[in-house]
Amino acid sequence: MEIVGSIKTYDWGSVGSKSKVAQLALSNDENFAKEFNETTPYAELWMGDHESGPSLLKSTGESIAKIVASDSSLIGGSTSLPFLFKVLSITKPLSIQVHPNKEQAEQLHASRPDLYKDPNHKPEIAIALTDFLALCGFRTPDEMYKLLKKYQPIIDLLGIDTIEELQKNPNNDSIKTVYKKLMHSPQAAVDKCISDLSLIFNEKKENELLTKVFDHCNHYFPNDIGVLSIFFLNIVQMNPGQSIFLAANVPHAYLSGDCVECMACSDNVIRAGLTPKFKDVDTLLANLDYSGKTAQENFFESVTIGPYSELFKPPVNDFAVVQVKVPATVQNYCVENRANGSIILVLKGNASADFNGQLIELKEGSIVFVPAHIQNIVLTLKHSDDNGFVAYQALYNDF
Ligand SMILES: [Zn+2]
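Counting from 1 along the sequence shown, just add 3 to a position and that's the residue number in the working numbering.
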């Protein structure tokens with residue numbers, strides 16, 4: 004079933020035709036093309052049946068949520084998809100956030116249904132499509148200690164005794180102590196710290212990446228407490244194809260670039276900075292995963308499952324993602340469907356796809372919901388361009 008995704012125009016999105024989200028939707032969705040505007044930020048393309056933006060059947064405009072709910076054989080016995088599949092195009096930083104685990108999500112939803120809209124957890128994976136910058140997980144206590152001690156404005160803000168804790172007791176508790184101190188700092192002190200740091204970063208460009216991320220965050224969110232998070236969290240630079248997996252309670256923020264994202268079907272976010280929205284600081288501090296890691300330890304490795312297929316299989320059963328990259332020199336390639344169905348998004352190239360005898364012409368932006376009874380999808384590549392064929396497939400992680 005060919006579908007069109009739901010487009011989200013959040014403020015942080017890339018603008019107009021610079022946005023990958025817009026490029027894909029322009030190619031796949033006539034109605035989007037009519038409303039397209041060069042000054043609108045196109046942030047997210049949603050593929051799935053989430054009630055805040057279900058995909059629509061391309062031929063009839065019918066909601067995929069309705070179709071799936073009315074025929075449980077389509078996704079192997081269930082009446083809703085366990086995952087939500089997305090493309091993100093990011094220009095301004097997204098808020099620093101964590102997602103609750105299942106138990107916490109149930110409690111949060113029960114006590115604050117206005118803020119936490121569903122009772123589900125929201126682990127997520129991001130696979131970079133371009134050079135991609137993110138903050139992800141706490142730094143190791145040692146690295147954090149050395150970094151914080153290097154900048155006098157930070158010492159003035161947090162106090163040297165608090166920072167020394169990281170060296171005396173290099174563990175989760177000391178990370179919690181210093182981060183809590185930061186998050187409870189009065190705004191006037193944060194203002195002073197950030198403006199003093201700006202002077203230092205402008206003078207000496209010794210840590211290029213830190214300077215770049217500081218300027219990027221402070222440009223869009225001047226004097227926001229989240230700007231100072233860059234000293235606590237790992238700065239992760241991803242190349243296309245590299246990925247990070249965000250388990251429950253791992254603090255993160257996407258800063259810039261395009262990515263494919265897949266998550267459990269939920270919208271639960273606890274925010275901690277770089278946002279004009281409500282910051283639920285106490286809930287955040289109580290729920291955070293304070294274990295320190297290196298930036299490198301945050302990368303999530305894929306497994307090769309075919310000559311041109313890489314599988315990203317995170318340790319949750321809600322979802323997995325397959326990356327298919329077929330070079331232009333190959334004529335035919337078979338993509339496996341799974342027992343519970345899948346959603347395929349074409350990023351690049353042209354191919355005829357045979358779904359158990361039904362042929363669909365695939366091009367950049369095509370999205371296909373593949374029901375459970377289809378076993379294999381046979382691609383015949385068209386060689387109108389020599390860039391090959393690239394697609395991502397989201398599926399239930401039950402294999
Ligand atoms: Zn997130």
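Every residue, glycine too, gets a C-beta built ideally from N, C-alpha and C.
With 16 other Cβ atoms within 10 Å as the buried cut-off, status of residue i
{"i": "residue 95", "result": "buried"}
{"i": "residue 352", "result": "buried"}
{"i": "residue 281", "result": "exposed"}
{"i": "residue 13", "result": "exposed"}
{"i": "residue 98", "result": "buried"}
{"i": "residue 402", "result": "exposed"}
{"i": "residue 3", "result": "Because the chain is modelled from 4 through 402, residue 3 falls outside the range shown and cannot be assessed."}
{"i": "residue 157", "result": "buried"}
{"i": "residue 52", "result": "buried"}
{"i": "residue 400", "result": "buried"}
{"i": "residue 454", "result": "The shown model of the chain, from 4 to 402, leaves out residue 454, and the question about it has no answer."}
{"i": "residue 274", "result": "buried"}
{"i": "residue 308", "result": "exposed"}
Pair within 7 Å by beta-carbon distance, residue i and residue j
{"i": "residue 319", "j": "residue 126", "result": "yes"}
{"i": "residue 8", "j": "residue 58", "result": "yes"}
{"i": "residue 48", "j": "residue 24", "result": "yes"}
{"i": "residue 394", "j": "residue 346", "result": "no"}
{"i": "residue 132", "j": "residue 262", "result": "yes"}
{"i": "residue 260", "j": "residue 10", "result": "no"}
{"i": "residue 169", "j": "residue 144", "result": "yes"}
{"i": "residue 124", "j": "residue 323", "result": "no"}
{"i": "residue 82", "j": "residue 75", "result": "yes"}
{"i": "residue 137", "j": "residue 253", "result": "no"}
{"i": "residue 224", "j": "residue 214", "result": "no"}
{"i": "residue 321", "j": "residue 86", "result": "yes"}
{"i": "residue 45", "j": "residue 22", "result": "yes"}
{"i": "residue 140", "j": "residue 296", "result": "yes"}
{"i": "residue 301", "j": "residue 237", "result": "yes"}
Beta-bridge partners of residue i, as assigned by DSSP
{"i": "residue 276", "result": "99"}
{"i": "residue 38", "result": "Per DSSP, none; premise fails for residue 38."}
{"i": "residue 238", "result": "138"}
{"i": "residue 2", "result": "Residue 2 is absent from the model: the chain starts at 4 and stops at 402."}
{"i": "residue 364", "result": "355"}
{"i": "residue 336", "result": "382"}
{"i": "residue 346", "result": "372 and 397"}
{"i": "residue 245", "result": "Answer is none; residue 245 lacks a bridge partner."}
{"i": "residue 13", "result": "Answer by DSSP bridge pairing: none, since residue 13 is not bridged."}
{"i": "residue 295", "result": "141"}
{"i": "residue 44", "result": "18"}
{"i": "residue 261", "result": "92"}
Reference residue i, options the options, closest by Cα
{"i": "residue 383", "options": "330, 186, 233 and 304", "result": "330"}
{"i": "residue 339", "options": "357, 26, 368 and 286", "result": "357"}
{"i": "residue 373", "options": "401, 343 and 391", "result": "343"}
{"i": "residue 267", "options": "238, 129 and 27", "result": "129"}
{"i": "residue 299", "options": "241, 93 and 6", "result": "241"}
{"i": "residue 1", "options": "149, 156 and 175", "result": "No information on residue 1 is available, as it lies outside the stretch 4 to 402 that the chain covers here."}
{"i": "residue 304", "options": "293, 217, 297 and 317", "result": "317"}
{"i": "residue 61", "options": "53, 83, 31 and 193", "result": "31"}
{"i": "residue 333", "options": "370, 385 and 297", "result": "385"}
{"i": "residue 359", "options": "348, 367 and 378", "result": "378"}
{"i": "residue 142", "options": "335, 174 and 309", "result": "174"}
{"i": "residue 71", "options": "63, 64 and 80", "result": "80"}
{"i": "residue 312", "options": "110, 294, 337 and 256", "result": "337"}
{"i": "residue 328", "options": "321, 322, 354 and 341", "result": "354"}
{"i": "residue 90", "options": "350, 222 and 120", "result": "350"}
{"i": "residue 293", "options": "28, 147, 136 and 6", "result": "147"}
{"i": "residue 64", "options": "45, 33 and 210", "result": "33"}
{"i": "residue 286", "options": "22, 21 and 110", "result": "110"}
{"i": "residue 290", "options": "256, 366, 227 and 105", "result": "105"}
{"i": "residue 181", "options": "6, 371, 162 and 194", "result": "162"}
DSSP three-state assignment for residue i, whether helix, strand or coil
{"i": "residue 331", "result": "coil"}
{"i": "residue 383", "result": "strand"}
{"i": "residue 287", "result": "helix"}
{"i": "residue 478", "result": "In the structure as shown, the chain begins at 4 and stops at 402. Residue 478 is therefore absent and cannot be evaluated."}
{"i": "residue 199", "result": "helix"}
{"i": "residue 19", "result": "helix"}
{"i": "residue 214", "result": "helix"}
{"i": "residue 222", "result": "helix"}
{"i": "residue 357", "result": "strand"}
{"i": "residue 109", "result": "helix"}
{"i": "residue 121", "result": "coil"}
{"i": "residue 5", "result": "strand"}
{"i": "residue 207", "result": "coil"}
{"i": "residue 389", "result": "coil"}
{"i": "residue 307", "result": "strand"}
{"i": "residue 256", "result": "strand"}
{"i": "residue 54", "result": "coil"}
{"i": "residue 127", "result": "strand"}
{"i": "residue 32", "result": "coil"}
{"i": "residue 146", "result": "helix"}
{"i": "residue 269", "result": "coil"}
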